[in-house]
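Comments concern the structure below.
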Amino acid sequence: MLRRAVRLLAQLTRQVAVVQYPTLSTSTVRHLEVIALTPARLLMVVITDSGRVDQRIVELGDVIDDHQLAQLREILGQALEGKKLSAASVAVADLASQLGGAGGLGDAVGRAATVLLESLVEHTEERLLLGGTANLTRNAADFGGSLRSILEALEEQVVVLRLLAAQQEAGKVTVRIGHETASEQMVGTSMVSTAYGTAHTVYGGMGVVGPTRMDYPGTIASVAAVALYIGDVLGAR
């Protein structure tokens with residue numbers, strides 16, 4: 001869904017679109033599925049309310065039957081579903097220490113919990129989705145020779161993430177022009193950004209990066225509309 005949104009925003013504005021992946025601190029485990037690939041090999045799928053899907057393979061030390069698989073699914077689901085990822089990681093760690101044991105279901109719980117813990121706590125750096133980077137080269141003359149530094153800033157992500165992190169209110173669009181980005185790499189650009197999320201939760205920031213000469217009214221309207229679309233989709237889940 002976020003990939004569609006970033007492509008749409010780039011097409012609407014003819015600029016570079018940026019969407020921040022949902023921050024882990026705001027995501028909630030919506031569903032956990034455990035599938036037996038073999039009696040000693042499992043596939044676990046974690047789905048969050050923000051659309052993140054993570055798949056993990058668990059190699060068991062002992063085989064389990066269908067009844068034990070159902071028990072494992074119920075134990076993990078009760079521990080995780082409906083919890084924020086930070087709380088879910090604590091619950092998983094508790095499972096590993098309390099129920100992990102030798103053989104059968106105990107072994108499966110311990111190994112599954114260990115793998116889940118890795119899934120829940122890794123990738124702590126928020127990442128960006130980019131769309132329409134080719135639009136930079138089409139508008140190269142508008143950037144005054146600073147195109148290389150802009151591309152480096154987009155690739156490194158740090159500057160853009162810092163600017164997006166300042167977006168704390170969904171529906172409010174911010175425009176930063178030139179030096180207002182507080183970055184030498186981005187001084188030849190403007191950034192139009194907002195936050196996306198539901199009525200009660202901000203999941204991340206999004207916006208466009210383009211030359212200081214751009215269609216600001218049209219860009220602001222497009223950013224606001226796509227952010228609203230993402231929020232509506234997330235709110236309906």
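With the first letter of the sequence shown counted as 1, position 2 gets the number 2 in our numbering; the numbers rise by one all the way through.
Glycine included, C-beta positions come from ideal geometry on N, C-alpha and C.
From a predicted model like this one, the values you see are computed outputs, not experimental measurements.
| query | For Lys83, which residues of its own chain have a beta-carbon under 7 Å away from its beta-carbon, when the five flanking residues on both sides are left out? | reply | Taking the sequence shown and counting its residues from 1, the one referred to as residue 83 is at position 83. Within the same chain, Lys83 has close Cβ partners Thr28, Val29, Ala91.
| Alpha-carbon to alpha-carbon, Leu32 and Asp54 | Here residue 54 is taken as the residue at index 54 of the sequence shown, counted from 1. Here residue 32 is taken as the residue at index 32 of the sequence shown, counted from 1. Between Asp54 and Leu32, the C-alpha separation is close to 10 Å.
| Buried versus exposed call for Thr219 [16 or more other C-beta atoms within 10 Å across all chains shown] | As a first step, residue 219 must be located in the sequence shown, where it is residue number 219. Buried, since its Cβ has 16 or more Cβ neighbours within 10 Å.
| task | Give me the Cβ distance between Leu60 and Asp107, rounded to the nearest whole Å; I'm assuming they're in contact under 8 Å. | result | The count along the sequence shown starts at 1 and reaches residue 60 at position 60. The count along the sequence shown starts at 1 and reaches residue 107 at position 107. The Cβ separation is near 6 Å, so the contact holds.
| message | Taking 6 Å as the limit between beta carbons, can you name the residues of its chain near Leu2, skipping five residues before and five after? | response | As a working note, residue 2 is residue 2 in the sequence shown. Taken in chain order, the residues that qualify are Val19, Leu129.
| query | Measuring CA to CA, which of Val209, Ala112, Ala166 is closest to Ile266? | reply | Residue 266 is absent from the model: the chain starts at 1 and stops at 237.
| Are Gln185 and Ala153 closer than 8 Å when you measure CB to CB? | Stepping through the sequence shown from its first residue, residue 185 is reached at position 185. Stepping through the sequence shown from its first residue, residue 153 is reached at position 153. Yes, the pair counts as a contact, with Cβ atoms nearer than the cut-off.
| said: So the candidates are Leu161, His179, Arg52, Ala165; which of them puts its Cα closest to the Cα of His119? | reply: As a position in the sequence shown, residue 119 is number 119, starting the count at 1. This sequence places Ser at residue 119; His is not what is there. It is Arg52 whose Cα lies nearest to the Cα of Ser119.
| task | Quick one: using the 10 Å Cβ neighbour count with 16 as the cut-off for buried, is Gly171 buried or exposed? | result | Your numbering for residue 171 matches position 171 in the sequence shown. Classification for Gly171: exposed.
| query | Quick one, which of Leu8, Leu9, Gln15 has its alpha-carbon nearest Ser190's? | reply | On the sequence shown, position 190 is the one that residue 190 refers to. The shortest Cα separation from Ser190 among Leu8, Leu9, Gln15 belongs to Gln15.
| field | Unbroken beta strand (DSSP E) run spanning Ala36, endpoints | value | Position 36 of the sequence shown, counted from the start, is the residue given in the question as residue 36. Taken as a continuous stretch (DSSP letters only), the beta strand (DSSP E) holding Ala36 covers 29-38.
| task | Let me know the secondary structure DSSP gives Asp54 once reduced to three states. | result | Here the question's residue 54 lines up with position 54 in the sequence shown. If DSSP states are grouped into helix, strand and coil, Asp54 belongs with the strands.
| How many Å lie between Val6 and Gly210 at the Cα? | For this step, residue 6 is matched to residue 6 along the sequence shown. For this step, residue 210 is matched to residue 210 along the sequence shown. Answer to the nearest angstrom: the Cα atoms are 14 Å apart.
| message | For Val175, tell me which candidate among Gly197, Val158, Ala225, Gly207 has the shortest Cα-Cα distance. | response | Working through the sequence shown from its first residue, we reach residue 175 at position 175. Among Gly197, Val158, Ala225, Gly207, the Cα nearest to that of Val175 belongs to Gly207.
| task | Determine the direct distance from the alpha carbon of Gly204 to that of Ser146, and round the result to whole angstroms. | result | Stepping through the sequence shown from its first residue, residue 146 is reached at position 146. Stepping through the sequence shown from its first residue, residue 204 is reached at position 204. So the two alpha carbons sit approximately 28 Å from each other.
| Pro211 in three-state terms, based on DSSP | Numbered from 1 along the sequence shown, position 211 holds the residue referred to as residue 211. Of the three classes helix, strand and coil, the one that applies to Pro211 here is strand, per DSSP.
| field | Identified DSSP bridge partners for Ser193 | value | The residue you call residue 193 lines up with position 193 of the sequence shown. Looking at the DSSP output, Ser193 bridges to Thr174, Gly207.
| request: Work out the CA separation of Val223 and Leu151 for me, nearest whole Å. | output: One-based indexing of the sequence shown puts residue 151 at position 151. One-based indexing of the sequence shown puts residue 223 at position 223. Distance between the alpha carbons of Leu151 and Val223 is about 21 Å.
| field | For Leu154, three-class secondary structure by DSSP | value | The sequence position of residue 154 within the sequence shown is 154, counting from 1. Note: Leu154 maps to helix in three-state DSSP.
| message | I need the boundaries of the alpha helix (DSSP H) containing Gln20, first residue and last residue. | response | The residue labelled residue 20 in the question sits at position 20 within the sequence shown. Here Gln20 belongs to no alpha helix (DSSP H); instead the beta strand (DSSP E) covers 16-20.
| Thr137, buried or exposed, once every other Cβ within 10 Å from all chains shown has been counted against 16 | What you label residue 137 is simply residue 137 of the sequence shown in a count that begins at 1. Flag for Thr137 reads exposed.
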